[in-house]
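Each residue of the first sequence is one higher than the last, beginning at 14 in our numbering. The structure under discussion appears below in the form of structure tokens.
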Amino acid sequence: MLRKFALRLRKDIYTVTMLIAIKDIGNYVDQEVTVRGWVYDRTDKGRLQFILLRDGSGIVQGVAFKKEMAEDQFELASKLTQESSIIITGTVRVADQAKKSIPPGFEIGIKDLQVIQMTQDYPITPKEHGVEFLMDNRHLWVRSNRQWAILRIRATIIKAMRDWMDNNGFLLVDTPIITPAAGEETTTLFNIDYFGETAFLAQTGQLYNEANMGAFGKVYCFGPTFRAEKSKTRRHLIEFWMIEPEIAFCSLEELMDIEEALQVYIVEQVLAKHRTDLEIIERDISKLEKIASPFARISYDDAVARLQKLVAETDDPEQKELLAIEWGSDFGSPHETALAEMFDKPVFVYHYPSAVKAFYMQPVEGRPEVCRSVDLLAPEGYGEICGGSERISDYDTLLKKLEHDKLPVENYAWYLDLRKYGTVPHAGFGQGIERTVAWICGLPHVRETIPYARLLNRKYP
RNA sequence: UCCACAAUAGCUCAAUGGCAGAGCAAUCGGCUGUUAACCGAUGGGUUCCUGGUUCGAGUCCAGGUUGUGGAGCCA
């Protein structure tokens, strides 16, 4: 039955003329074209029907006049429901009133209409909906304008990251998702049954990146990461995506140069390719246009001093409590937000206390209580988007650090090997895709930056 | 895990302890330039669950469930 239907459909497809993607509609003014897609919305004016049709590439307003169509076809047009799947054929024309078309200003005078399925009771209406309802219907919500625009920008951000890496001498080397031991000791791992043994889902590809760096010099991995943390905030996902570069013969200062150039390129690409999408999500573009080199670089010491000064100057007791900080503590999100708000570009904070950072970070010469680490904080309160460091390259120092942190040294045998066979100073960082998308799109929560968010209380759909 | 708040029609929300309501969506009708169109009509309810107080509970109380916002942890 299904097969028969599919065959009939294919025949229909092959008999249409000039099948176009809506995004290209400007090239077909005054020509007869066919568009296939889904009804986004319909306005019923009696003998006149305005049908917003989306095909994945854009949206076009189709106009059905009763006297320009066969009677049964107009009848169908006047009954079309939201998200019905249809094929229309008609002439493209310029129309100022077609404001909702993407690209705007074009419409199609419908001559022929075929309905593939008349949808019943589509749950997401053009009115307001709550978060829970929309997330329950995420498989349909991705069709909505705003979500569509965000996910398109996400794709460009990922492409920009990878293009920049590929164009700057980095090699993509994939790292495993199933791992025998923790990458970093602090956070919680998902464990899985590996033929009777326990294995873990990767939290980072970094340790493997360091091995790959020894083979290829400049490498990066790009993939999903899993953290079984019971975090419930606007910045946290259980499953999220990261790009992690690792560079041989690289200092912390050079690492910051790389991070900075990458951010500037990402923003440039989004601004160049997504004006319309940024308009759909009502992003303040002027904020993005400020993202240019150089970014401010402040030390952890300086950052703590700035925060303490802020606390001293504020009269708000709530702020005082929230922003209180002693040297040696890691920053919480209120601290990161407050620091980032002092700049209108991303800001680097370097030389964090070793105690709050991972075991593999290189201590600062003459000041072992701090390490050669750097976080990049995005503006507008989006917090940490990159975390990186210069890695410990000396065998004995690394071994001592592993023992000091009470980590199972036998699990790190291969990692220690890297310090035995031609060790070099090297550095790398990880950048969270979703936090980057949230910042660039100006979104209140990362759940809209990934097609199907995995959250503390959600794994459906 | 902790703190705060919420749960009523498919959706978004109202309802002083006293008849369960509106807008949108759906269905039917009207309209040749709509933009969340507009106008008229119709259908639509286990008020999250369990128990309690009361003549009477959507409303008050206790416990639970689910969700949202925030904290911690992190990218």
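Yeah, the Cβ is synthetic: ideal placement off N, Cα and C, and Gly gets one too. No experiment lies behind these values; they were computed from the predicted model shown.
- Annotation for serine 299: the continuous alpha helix (DSSP H) segment containing it runs 298-302.
- For isoleucine 298, the closest C-alpha among the options Ser306, His287, Pro307 is that of His287.
- Note: leucine 61 is bridge-paired with Phe78 in the DSSP secondary-structure output.
- Annotation: the continuous beta strand (DSSP E) that includes serine 402 extends over 396-403.
- Spanning the alpha carbons of arginine 60 and valine 277 requires a straight line of approximately 52 Å.
- Between aspartate 290 and isoleucine 101, the gap from beta carbon to beta carbon reaches 8 Å or more.
- When rounded, the separation of the alpha-carbon atoms in aspartate 68 and valine 105 is 16 Å.
- Annotation note: the region 196-222 contains the following uninterrupted beta strand (DSSP E) runs of length 3 or greater, listed N- to C-terminal: 204-207, 210-214.
- Residue burial annotation: tyrosine 207 is exposed, with fewer than 16 other C-beta atoms found within 10 angstroms of its C-beta.
- Contact between alanine 440 and glycine 401 holds, with the beta-carbon distance rounding to 7 Å and staying under 8 Å.
- Glycine 75 and threonine 462 have their C-alpha atoms some 30 Å from each other.
- The Cβ atoms of valine 48 and leucine 66 sit closer than 8 Å to each other.
- Judged by DSSP in its simplified three-state form, glutamate 326 adopts helix.
- Here the C-alpha atom of leucine 214 lies approximately 29 Å from the C-alpha atom of valine 144.
- The shortest CA-to-CA distance from asparagine 204 to any of Ile170, Asp176, Ala241 is the one to Ala241.
- Annotation for isoleucine 293: Asn158, Arg159, Ala162 place their beta carbon closer than 7 Å to its own, counting only its chain and skipping 5 residues before and after.
- Residue pairing for isoleucine 311: DSSP places it in a beta bridge opposite Val362.
- Nearest in C-alpha terms to glycine 394, of all of Glu349, Leu411, Asp388, is Glu349.
- For valine 144, the uninterrupted alpha helix (DSSP H) run begins and ends at 144-149, by DSSP.
- The residues Thr246, Arg248, Gly396, in chain order, have a CB closer than 8 Å to that of serine 346 in the same chain once the five nearest residues on each side in sequence are set aside.
- The C-beta distance from proline 438 to phenylalanine 262 rounds to 6 Å, short enough to fall under 8 Å.
- For lysine 300, the closest C-alpha among the options Tyr233, Leu335, Ala391 is that of Ala391.
- Membership of methionine 355 in any alpha helix (DSSP H) is not indicated, and neither H nor E is assigned to it by DSSP.
- Across the set Asp134, Ser406, Asn424, Glu354, the C-alpha of Ser406 shows the shortest separation from the C-alpha of arginine 432.
- Taken atom to atom, the span from the alpha-carbon of valine 52 to that of phenylalanine 146 is near 21 Å.
- Leucine 456 has its alpha-carbon roughly 20 Å from the corresponding atom of lysine 140.
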